[in-house]
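Peer 1:
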Amino acid sequence: MNEKQRLRVGVACNIKTDSRSEEQAEFDEPGTIAAICGALNAGGFEPIVMEVSGGFLQKLETEKPDIVFNIAEGESGRAREAFIPAILEYFGIPFTGSDATALAISLDKALTKRVVQSLGVETPEFRIIRKESVKLPDDLPYPVIIKPNAEGSGKGISDNCVAASHAELCDLVRMGMDNYEHGLIAESYIDGREFTVGILGNKPNLRVFEPMEVIYKKQRGQYKVYSYEVKRDFRNYIAYRCPPELPDHLKARMVHDAEIVYEALGCRDFARLDFRLSEAGMVYFLEVNPLPGLAPGYSDFPMLAEFNNISYNDLICEMLRCALIRYELVPSSFRTEAV
């Protein structure tokens, strides 16, 4: 592309102002925004940072992006990740990634798991606990892990979020209900190995990455939990292996289940899906993130891409180009070498 042909790419984002704030756990560091813009610029695009808090509609009118690279997490509500895509859909502005419906369902862990169960994909047994009618599950075998039902990035998952008894469950639910208005999910804790699978593209050009194992070098509590604090200090607690030391049929099962869930939820362009492998050799789907973190050297999705021989800059540009092809804004032959 020459300079006159450079597509204007609005980077819709929530920028983190306090790196230690758990409330801003899902927001992006300024360095991540700079890295994304640098990759887009190197790929021949013209990036425009569009912070979404305050005046986003005015920014759309002023900047007039050709397409939006959406990494905005939203600020509140169970459907917060869907707000910016819904606005863009309303005004007919192309954007990367999944649509409002897929993002809203995926953020709600209980809804996602119900869809997954209907597909025959194994997922740990769970119960939803709502603030308006707190009823503790009495039919889940212990241990039971407690998570906020509609949060991401480890938010609300502490080092001690697994209950080994009814009394511990009561304490965890009481604390969780004070902080998370959209309910909690109680889920059978699977003691085993943890994996994440990345997907890039859309059919017929869908690429499912080799699974990456999340290895716990040491634990902060009794159980292996990818908690908020572990994520913050992952170099001390976590190692990653890709490809994992795993029989081919188990790798194939994770790849198959990841693709099934991705398509059933209507995910587009990219997503990351998490699994656990039990001691008995059963693969369990945990959750899907169609808006994965993109911090270079930190986030799982760029790590997955790098293990699969895709550089950070190529990954960002390919995420954009998947959307451009989907909107028929470029020929289907217009690709990086990543795919």
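The sequence shown maps to residues 1 to 339 in the working numbering.
Where is the CB? At the ideal position from N, CA and C, for every residue including glycine.
#1: Is the beta carbon of Lys109 closer than 8 Å to that of Glu263?
#2: Could you check what DSSP says for Ser227 in three-state terms: helix, strand or coil?
#3: Exposed or buried, what is Asn309 when buried is set at 16 or more other beta-carbons lying within 10 Å of its beta-carbon?
#4: Measuring alpha carbon to alpha carbon, tell me which residue in Ile71, Pro47, Asp300, His182 is nearest Glu63.
#5: Using the C-alpha atoms, what's the distance from Ile157 back to Ala12?
#6: I believe Ser53 touches Asn14 by the beta-carbon criterion, under 8 Å. Please report the beta-carbon distance rounded to the nearest angstrom.
#7: Taking the alpha carbon of Phe95 as the point to measure from, which residue in Glu122, Ile199, Leu60 has its own alpha carbon closest?
#8: Here's the rule: buried if 16 or more other CB atoms are within 10 angstroms of the residue's CB, otherwise exposed. What is Gln247?
#9: Kindly list the residues whose CB is nearer than 6 Å to the CB of Asn2, restricted to its own chain and excluding five residues on each side of it in sequence; keep chain order.
#10: If you reduce the DSSP assignment to three classes, tell me which class Glu245 lands in.
#11: Considering only the alpha carbon of each residue, which of Pro137, Asp28, Gln5, Lys231 lies closest to Leu294?
#12: State the DSSP-derived secondary structure class of Val68, mapped to helix, strand or coil.
#13: Would you mind working out which of Tyr142, Asp233, Pro292 sits nearest Asp274, comparing C-alpha positions?
#14: Kindly give me the distance between the Cβ atoms of Asn70 and Gly97, rounded to whole angstroms, as I take these residues to be in contact under 8 Å.
#15: Since Ser278 sits in a beta bridge, which residues does DSSP pair it with?
#16: Counting pairs of Cβ atoms below 8 Å between the region 223-237 and the region 156-176, do you hit three or more?
#17: Pick out whichever of Ala252, Asp191, Pro204, Ile129 has its Cα sitting closest to the Cα of Ala280.
Peer 2: Looking at the atomic coordinates:
#1: Not a contact, by the Cβ cut-off of 8 Å.
#2: coil
#3: exposed
#4: Scanning Ile71, Pro47, Asp300, His182 for the CA closest to the CA of Glu63 turns up Pro47.
#5: 27 Å
#6: 7 Å
#7: Leu60
#8: For clarity, residue 247 is Pro in the given sequence; the question names Gln instead. With fewer than 16 other Cβ atoms inside 10 Å of its own Cβ, Pro247 counts as exposed.
#9: With a pLDDT of only 43 at Asn2, under the threshold of 50, the placement of this residue in the model should not be trusted; the figure read from the coordinates follows. No residues qualify anywhere along the chain.
#10: coil
#11: Asp28
#12: Here Val68 sits in strand by DSSP.
#13: When only C-alpha atoms are compared, the closest one is Pro292.
#14: 5 Å
#15: Gly192
#16: yes
#17: Asp191
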